[in-house]
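Enquirer: The numbering used here applies: residue 9 is where the sequence shown begins, and numbers increase by one.
Here a beta-carbon is modelled for each residue, glycine too, at the ideal position from N, C-alpha and C.
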Amino acid sequence: MSDLKVGILGASKIAGRPTVPAMTAVDGVVPVTVAARDPQRAAAFAQEHGLGVSESYDAVVRDPDVDVVYVPLPNGLHYEWVRAALLAGKHVLSEKSLTGSLEQSRELIELARTRQLVLVENFMCETHPQHAVARVLVADGRVGTLRHLDLSFGFPPFPADDQRNSAELDGGALNDAGAYCAFMARHYAGRMPVSVSTIADQGSYDVDVVGSTHLDFGGGLTASLTYGFQHDYRNEVRLWGSGGQLLIDRAFSIPKDRTPSLTLTSNTVATPIEAAPADQFDLQIKRFRDLVTTGEGREAEYNKALEHAATMEAMRVSGRLGGARVRPD
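#1: Rounded to the nearest angstrom, what separates residue 273 and residue 250 at their Cα positions?
#2: Drop a sphere of 10 angstroms on the beta-carbon of residue 27, count the other beta-carbons inside from all chains shown, and report buried for 16 or more, exposed for fewer.
#3: Determine the extent of the alpha helix (DSSP H) in which residue 53 is found, giving its start and end residues.
#4: Considering only residues of the stretch 76 to 116, which uninterrupted alpha helix (DSSP H) runs meet the minimum length of 4 residues and lie entirely inside it, listed in chain order?
#5: Where does residue 210 land, buried or exposed, given buried means 16+ other C-beta within 10 angstroms?
#6: Could you give the DSSP three-state label for residue 139: helix, strand or coil?
#7: With a 10 Å radius around its C-beta and 16 neighbouring C-beta atoms as the bar for buried, classify residue 346 as buried or exposed.
#8: Residue 171 by DSSP, collapsed to three states: which one?
#9: Can a CB atom of chain B be found closer than 7 angstroms to the CB of residue 198?
#10: Taking the alpha helix (DSSP H) that residue 336 falls in, what are its first and last residues?
#11: Taking 7 angstroms as the threshold (C-beta atoms), are residue 297 and residue 36 in contact?
#12: Report the option in 43, 23, 106 and 70 whose CA atom is closest to the CA atom of residue 312.
#13: Is it buried or exposed for residue 181, if we count other Cβ within 10 angstroms and need 16 for buried?
#14: For residue 199, name the three-state secondary structure that DSSP assigns.
#15: Do you know whose CA, among 325, 286, 32 and 117, lies nearest residue 308's CA?
#16: Since residue 316 is in the beta strand (DSSP E), which residue starts that stretch and which ends it?
#17: Quick check on this structure: which residue in 73, 199, 23 and 15 has the alpha carbon closest to the alpha carbon of residue 104?
#18: Whose C-alpha, out of 226, 129 and 73, is nearest the C-alpha of residue 97?
#19: Taking residue 115 as the reference, which of 59, 264 and 95 has the closest Cα?
#20: Opposite residue 243 in the DSSP bridges: which residues?
#21: If we count the other Cβ atoms within 10 Å of its Cβ and call it buried at 16 or more, is residue 129 buried or exposed?
#22: With distances taken from CA atoms, which of 236, 232 and 239 is nearest residue 245?
#23: What does DSSP give as the partner residues of residue 253 in its beta bridges?
#24: Okay, do the stretch 221 to 231 and the stretch 189 to 208 touch, 3+ Cβ pairs below 8 angstroms being the bar?
#25: Indicate whether residue 41 and residue 62 have their beta-carbon atoms separated by less than 7 angstroms.
#26: Expressed to the nearest angstrom, what Euclidean distance is found between the alpha-carbon atoms of residue 263 and residue 46?
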C-alpha cells in the first residue's frame with residue numbers, strides 16, 4: 009500500500025511539537041498539508057514541517073490526495089470536522105476529547121464503523137511500554153488481586169483566554185486531564201465501571217477546573233481520579249492490590265528520552281522496575297498506520313471509543329448533579 013497522506017486541521021502546539029514530527033518519522037505516513045484560521049500561522053507551521061498550505065479546513069477534508077485527517081482543534085470543533093472528514097471518506101486521528109457528549113461521539117463512531125474507516129481518539133499514553141510492563145506485573149500477580157486504582161493528572165492554571173477555559177469550545181478539566189484518567193482507569197480495570205460519581209468545581213471560570221471522580225468497577229475494584237488546572241504538576245497512576253502496589257510516575261505524558269519510573273512495593277519494601285524509554289507519539293502513529301493498512305483491530309477500536317465516551321458522559325452528568333451516582337449507558 010502507498011504512503012498514507014495526512015492533512016492537518018490547525019497549527020496547534022500538540023500538532024507541531026510532538027505529533028507531526030512523529031508522523032514524519034514513521035514509515036508509510038506522510039503529512040502533506042495544513043490549514044489554520046490564521047493564514048500566517050499556517051504558513052509558518054508549513055514551512056517548519058515541510059508541508060503545503062490549504063486555504064481552509066474544508067479544503068483539507070476534500071483534498072483527494074489526503075487519506076487521513078488529523079484533528080488537533082479545540083474540543084468544541086471536533087464533532088463538526090471529524091464528521092466532515094469521515095463523510096469525505098478519510099480516516100481520522102482526533103485529539104481528545106473526541107466530542108463533548110455521548111450522543112455526538114456515538115454518531116461519529118457509528119459513522120466510522122459504517123464506512124469502515126479508522127477513527128482514533130489520540131490517547132498516545134496507552135502505547136508506551138511502561139504500561140505494557142505494568143500490565144504484565146499485574147497479570148503475573150505481583151500486586152495480588154487488584155483492588156483500587158489511583159490516577160492523577162493536573163497542572164497549574166492556563167492563561168484566561170486559553171481554549172481549555174472556554175465553555176463554548178468544550179474546555180474544562182474533565183474533557184482534558186480527566187479524560188486521560190478515565191481512559192487509563194478502564195485500560196487497567198479491563199471493563200466498564202458500573203457506577204460513576206463526580207465532583208466538579210468551576211471557581212471563577214466558565215468551565216470545571218478542579219475535578220474528582222469515583223468509579224466502581226464491581227467485584228471489589230474501585231478507582232479514584234483526580235484532575236484539574238489549579239494544581240501543582242502531577243501525572244501518575246498507582247495500582248493497589250491485595251499483595252502490593254505499583255506506582256507509575258509520568259503515566260500520561262512522558263518525554264521520549266525519559267527512562268520510565270515504576271516502583272513495585274510489597275509490605276513497605278520498594279523495588280524499582282525497569283522499562284525502556286520510548287516515543288509514545290511515534291508508537292501511536294505506527295499503531296494508527298497499522299489499523300488503516302491491515303484493517304485488523306478496527307472493531308475493537310470502535311468499541312473502546314464508545315465505552316470511553318459512555319464513561320465520560322456519566323462523569324459529566326454526575327458532575328452536573330453534584331456527585332450523584334450515575335450508571336454509564
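Expert: Looking at the atomic coordinates:
#1: Position 265 of the sequence shown, counted from the first residue, corresponds to residue 273. Position 242 of the sequence shown, counted from the first residue, corresponds to residue 250. Approximately 11 angstroms between the Cα atoms of the pair.
#2: Here residue 27 is taken as the residue at index 19 of the sequence shown, counted from 1. Result: buried.
#3: Walking along the sequence shown from the start, residue 53 turns up at place 45. For residue 53, the uninterrupted alpha helix (DSSP H) segment begins and ends at 47 to 57.
#4: The qualifying runs are 86 to 95.
#5: For the purposes of this step, residue 210 is identified with residue 202 of the sequence shown, where counting begins at 1. That one is exposed.
#6: Numbered from 1 along the sequence shown, position 131 holds the residue referred to as residue 139. The answer is helix: DSSP assigns residue 139 an H, G or I state.
#7: Within the shown structure, residues of the chain are numbered from 9 to 337, placing residue 346 beyond reach of any answer.
#8: The residue labelled residue 171 in the question sits at position 163 within the sequence shown. Helix at residue 171.
#9: The displayed structure is made up of one protein chain only, and chain B is not part of it.
#10: By one-based count along the sequence shown, residue 336 stands at place 328. Annotation: residue 336 is outside any alpha helix (DSSP H) and is labelled neither H nor E by DSSP.
#11: By 1-based counting over the sequence shown, the position of residue 36 is 28. By 1-based counting over the sequence shown, the position of residue 297 is 289. For residue 36 and residue 297, yes; Cβs fall inside 7 angstroms.
#12: By 1-based counting over the sequence shown, the position of residue 312 is 304. Looking at the Cα atoms, 106 is the closest of the given residues.
#13: Mapped onto the sequence shown, residue 181 falls at position 173. Buried is the call here.
#14: Here residue 199 refers to the residue found at position 191 of the sequence shown. Three-state DSSP puts residue 199 in coil, outside helix and strand.
#15: As a working mapping, residue 308 is identified with position 300 in the sequence shown. Selected option, being the one with the closest Cα: 117.
#16: Mapped onto the sequence shown, residue 316 falls at position 308. In the DSSP annotation of this structure, residue 316 is not part of any beta strand (DSSP E); the continuous alpha helix (DSSP H) holding it starts and ends at 306 to 328.
#17: As a first step, residue 104 is located in the sequence shown; it is residue number 96 there, counting from the start. It is 23 whose Cα lies nearest to the Cα of residue 104.
#18: As a position in the sequence shown, residue 97 is number 89, starting the count at 1. Among 226, 129 and 73, the Cα nearest to that of residue 97 is on 73.
#19: Counting from one through the sequence shown, the residue named residue 115 turns up at place 107. Closest option to residue 115, Cα to Cα, is 95.
#20: Along the sequence shown, one-based indexing puts residue 243 at 235. For residue 243, which the question treats as bridged, DSSP gives the partners 161.
#21: As a working note, residue 129 is residue 121 in the sequence shown. Looking at its Cβ environment, which holds 16 or more other Cβ atoms inside 10 Å, residue 129 is buried.
#22: The residue you call residue 245 lines up with position 237 of the sequence shown. Comparing Cα positions, the closest option is 232.
#23: Taking the sequence shown and counting its residues from 1, the one referred to as residue 253 is at position 245. Per DSSP, 248 and 273.
#24: yes
#25: As a working note, residue 41 is residue 33 in the sequence shown. As a working note, residue 62 is residue 54 in the sequence shown. Contact: yes.
#26: Counting from one through the sequence shown, the residue named residue 263 turns up at place 255. Counting from one through the sequence shown, the residue named residue 46 turns up at place 38. C-alpha separation (whole angstroms): 29 angstroms.
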